[in-house]
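In this note's numbering, the protein residues as written are 6 to 145. Note that CB positions come from ideal geometry on N, CA and C, so glycine has one too. Here the structure is laid out as structure tokens; the discussion comes afterwards.
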Amino acid sequence: GRETDLSKLDARLAKYKKELNALQKTKDNAVAEEINIALEKKEESRAELIAETLVGSAESWSRQEEATLIALNLGLQIKKAWRGFLDGSIRPTHLAANGQTVPLNQNFIVGGYLAQMPRDSKLPASESLRCRCYVEYSRV
């Protein structure tokens, strides 16, 4: 899942840093410094990716909770539809899920995985990282 993918990235970064330390001990310190700068930029990029994913997950979760509370408190039947940004960056699996409509407490099927919402923690990283999809809620 997502944690495994992030762990693999961490392991690769650690390996590269170790190799960098060995390289710095050689006579070519200029190359080592360029690599160090590149690694620092990758770490910043990874931090941005994690923050973006967590904020998106929180937004999706809060919208689902809000719809659930409205349905319970007002006695409404609510359905939800998966929506994606239909541009050149949308994943094929998210394009296939676009327009899929299910009852409020049921799952969508996205890329063969069950999910209550975009960026659902049940989705693997390949389906949730940098996802820009959203859910549209409406009365039945």
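L109 counts as buried, since at least 16 other C-beta atoms from the protein chains shown sit within 10 angstroms of its C-beta. Three or more pairs of CB atoms, one per stretch, sit closer than 8 angstroms, so the segment 119-139 contacts the segment 57-67.
In terms of Cβ geometry, S143 and I83 form a close pair [threshold 8 angstroms]. Remark: fewer than three beta-carbon pairs, one from each stretch, lie closer than 8 angstroms, so the segment 89-107 and the segment 8-25 are not flagged as touching. A16 and E48 have their C-alpha atoms some 12 angstroms from each other. Within a 10 Å sphere around the beta-carbon of P123 sit 16 or more other beta-carbons, which makes this residue buried.
Taking a 10 Å sphere around the C-beta of K20, we find fewer than 16 other C-beta atoms and assign the residue as exposed. In this structure L100 does not touch G93 by the C-beta definition: roughly 11 angstroms separates them, more than the 8 angstroms allowed. Rounded to the nearest whole angstrom, the CA to CA distance from W87 to Q69 is 12 angstroms. By the neighbour-count criterion, in which a residue is buried when 16 or more other Cβ atoms sit within 10 angstroms of its Cβ, K46 is exposed.
In the three-state scheme derived from DSSP, where H, G and I count as helix and E and B as strand, P108 is classed as strand. Our two residues, N112 and L18, have alpha carbons roughly 35 angstroms apart in a direct line.
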